[in-house]
Amino acid sequence: MTDVLKALFVQTIVAPADAARMLMGLGLRRETGWTILVLACVLNTLAYFVSTTLFPIPPEFSLPLLASPGLVLVLLFSVMVVTVFMLFWTGRALKGTAAFGDILIMIGWLQFMRLAVQVVALVLMIILPGVAGLFAMATGLYGIWILVNFVNVAHGFDALGKSFLMLVLSVLGMTMGLSVILSLIGVTAIGIL
Numbered sequence: 001m002t003d004v005l006k007a008l009f010v011q012t013i014v015a016p017a018d019a020a021r022m023l024m025g026l027g028l029r030r031e032t033g034w035t036i037l038v039l040a041c042v043l044n045t046l047a048y049f050v051s052t053t054l055f056p057i058p059p060e061f062s063l064p065l066l067a068s069p070g071l072v073l074v075l076l077f078s079v080m081v082v083t084v085f086m087l088f089w090t091g092r093a094l095k096g097t098a099a100f101g102d103i104l105i106m107i108g109w110l111q112f113m114r115l116a117v118q119v120v121a122l123v124l125m126i127i128l129p130g131v132a133g134l135f136a137m138a139t140g141l142y143g144i145w146i147l148v149n150f151v152n153v154a155h156g157f158d159a160l161g162k163s164f165l166m167l168v169l170s171v172l173g174m175t176m177g178l179s180v181i182l183s184l185i186g187v188t189a190i191g192i193l
């Protein structure tokens, strides 16, 4: 299994479409997908708090919502769940053929990739602080490319442009979905800005 994960990690970076096919070929059940997503969110939350402990956010830039590990975990998991549903529904609206479980597994896997990026960025902050910001920006942009390739393969689209459009529409839908979620947990625009 370790060899499969290493190969998947490398393929995700060098050939995202092939990595998406590998993930779909694993035949993992939906329950496994949820477990992967929850574990990835827990580990990303842990990495976030290790990072903010070593390099505290100045009080004028910190949000009270991001001070509690429980709230960060709930927020991150909520964002990921909304992302999975929006990528699934938006793709289906554009005649995509992805199975919900495939999108779920892909987003869970990308959260583990994000964890790896956080760890590398943390190490860079310690040894080369100036490079860490550039690394984070570059990996963020490349992460969009990976996601476009993943949803293109999952939905069976014939063009990356259609997948990019789907991603834009999903972001618009997610914005509306997250607005509802945040209002339900009591977050308002007042006090954040």
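Okay, so the sequence shown: first residue is 1 according to full-length UniProt numbering, each after it adds one. Don't be surprised by glycine CBs; every beta carbon is placed ideally from N, CA and C.
With a threshold of 16 other CB atoms inside 10 Å of the CB of residue i, please say whether the residue is buried or exposed.
{"i": "A98", "result": "buried"}
{"i": "P129", "result": "exposed"}
{"i": "D102", "result": "buried"}
{"i": "V117", "result": "buried"}
{"i": "G186", "result": "exposed"}
{"i": "G96", "result": "buried"}
{"i": "T35", "result": "exposed"}
For residue i versus residue j, is the C-beta distance shorter than 8 Å?
{"i": "R30", "j": "F100", "result": "yes"}
{"i": "L73", "j": "T45", "result": "yes"}
{"i": "L147", "j": "L122", "result": "no"}
{"i": "L23", "j": "W109", "result": "yes"}
{"i": "F150", "j": "P16", "result": "yes"}
{"i": "I105", "j": "L28", "result": "yes"}
Counting only beta-carbon separations shorter than 8 Å, does residue i have a partner in chain B?
{"i": "N44", "result": "No chain B appears in this structure, which consists of one protein chain only."}
* For the segment 68-155, which segments carrying the alpha helix (DSSP H) assignment without a break, of at least 4 residues, lie completely within its bounds, in sequence order? -> 69-93, 100-127, 129-155
* To do: Evaluate contact between the segment 8-18 and the segment 65-84, counting only Cβ atoms and requiring at least three cross-stretch pairs below 8 Å.
  => no
* To do: Jot down the residue ranges of each uninterrupted alpha helix (DSSP H) in the segment 1-65, minimum 4 residues, whole runs only, in chain order.
  => 2-14, 16-25, 30-54
* **Meets three-Cβ-pair contact criterion under 8 Å: the segment 60-70 and the segment 124-138** => no
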